[in-house]
Amino acid sequence: MKFHIFRDENLFKLSKIQLNDKENHVWVICWENIVSWINKEKSVLKKNELKMAESFYFEEDKMRYMTGRILTKILSAYYLEIKSEEVFIEQDFYGKPFIVSHKEKRLYHNISHSGKYVLLVFTYSGLVGIDVEEEKYFLEYKELAKNFHKEEYSKICKSSDIHEFYRVWTAKEAYVKAIGKGLQINLNSFNVREDGIYERGKKLEAWDLFVFKVADRYTTALVINKI
Numbered sequence: 001m002k003f004h005i006f007r008d009e010n011l012f013k014l015s016k017i018q019l020n021d022k023e024n025h026v027w028v029i030c031w032e033n034i035v036s037w038i039n040k041e042k043s044v045l046k047k048n049e050l051k052m053a054e055s056f057y058f059e060e061d062k063m064r065y066m067t068g069r070i071l072t073k074i075l076s077a078y079y080l081e082i083k084s085e086e087v088f089i090e091q092d093f094y095g096k097p098f099i100v101s102h103k104e105k106r107l108y109h110n111i112s113h114s115g116k117y118v119l120l121v122f123t124y125s126g127l128v129g130i131d132v133e134e135e136k137y138f139l140e141y142k143e144l145a146k147n148f149h150k151e152e153y154s155k156i157c158k159s160s161d162i163h164e165f166y167r168v169w170t171a172k173e174a175y176v177k178a179i180g181k182g183l184q185i186n187l188n189s190f191n192v193r194e195d196g197i198y199e200r201g202k203k204l205e206a207w208d209l210f211v212f213k214v215a216d217r218y219t220t221a222l223v224i225n226k227i
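Residue numbering for the sequence shown is 1 to 227, as defined by the UniProt record's numbering.
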């Protein structure tokens, strides 16, 4: 399954971008680079969304929320060939956001943010999940890793730095977000390896897993349903 990465500058060249049925578009946005654009485009937000934005104590949290919300609407509208005010973001039973429009064709998406980056993924092909984490050292990371699969925990403990923890963490988060069941999934019920996702020692062939860096100290995982 193919995916393409787009960045800040591509927002101003949307007419050159085409999302095909078997593709996944990953948007890697540094919100610090587009603050003026975000403030200009916030008219696409509804009253409750503006109220939510203003409820954040820290400006960084406000900007991450606004960036994600505005980009979801503008990019969804572009892909679906409708107006941004015709895009609605709702949540399912488990709290996973999904896009609603009057178009018959469904657009799948997922979003994640950490530090100065907001990441979004869009596809027509099916369920998808993305997670990005800024790699910050904290003493308790091995203790937290005890909640993972024993194979993952062992590799993290043997690793000389914290990167292995974030590689596993983002991959697990992306998978949980893709299937959309949140805290209903026990993190030790499956394990992630470099070549994919496993349950009870068997590879889940329906899913592709990609782990990569979008910037220095930022690890990202993308999980795509192939069926």
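The beta carbon of each residue, even a glycine, is placed where N, CA and C say it ideally should be.
- Runs of the beta strand (DSSP E) lying entirely within the region 169-213, each at least 3 residues long, are 191-193 and 196-199 in chain order.
- The alpha-carbon separation between residue 162 and residue 74 amounts to approximately 36 angstroms.
- Across the set 112, 118, 91 and 125, the C-alpha of 125 shows the shortest separation from the C-alpha of residue 105.
- For residue 27, the enclosing beta strand (DSSP E) starts and ends at 23-30.
- For the options 192, 214, 191 and 108, the alpha carbon positioned closest to that of residue 23 is the one of 108.
- The alpha-carbon of residue 206 is positioned some 29 angstroms away from that of residue 157.
- Along the length of the region 82-165, whole alpha helix (DSSP H) runs at least 4 residues long occupy 141-144 and 150-158, reported in chain order.
- When rounded, the separation of the alpha-carbon atoms in residue 159 and residue 86 is 48 angstroms.
- As the crow flies, the alpha-carbon of residue 72 is around 18 angstroms from that of residue 174.
- Counting other Cβ atoms within 10 Å of its Cβ, residue 14 stays below 16 and is therefore classed as exposed.
- Separation of the CB atoms of residue 129 and residue 177 is rounded to 4 angstroms, and the pair is thereby assigned contact status at 8 angstroms.
- Judged by pairs of C-beta atoms under 8 angstroms, the region 18-38 touches the region 51-68, as three or more such pairs exist.
- Shown here, residue 74 sits in a helix according to DSSP, grouped into three states.
- In the structure shown, the three-state DSSP call for residue 227 is coil.
- Residues 168 and 191 of the same chain have their beta carbon placed closer than 6 angstroms to that of residue 152, with the five preceding and five following residues left out of the count.
- Cβ-Cβ distances below 6 angstroms link residue 227 to 206 in the same chain, with the five nearest sequence neighbours on each side left out; the list follows chain order.
- Around residue 198, the same chain offers 190, 191, 192 and 204 as residues with beta carbons nearer than 8 angstroms, after the five sequence neighbours per side are excluded.
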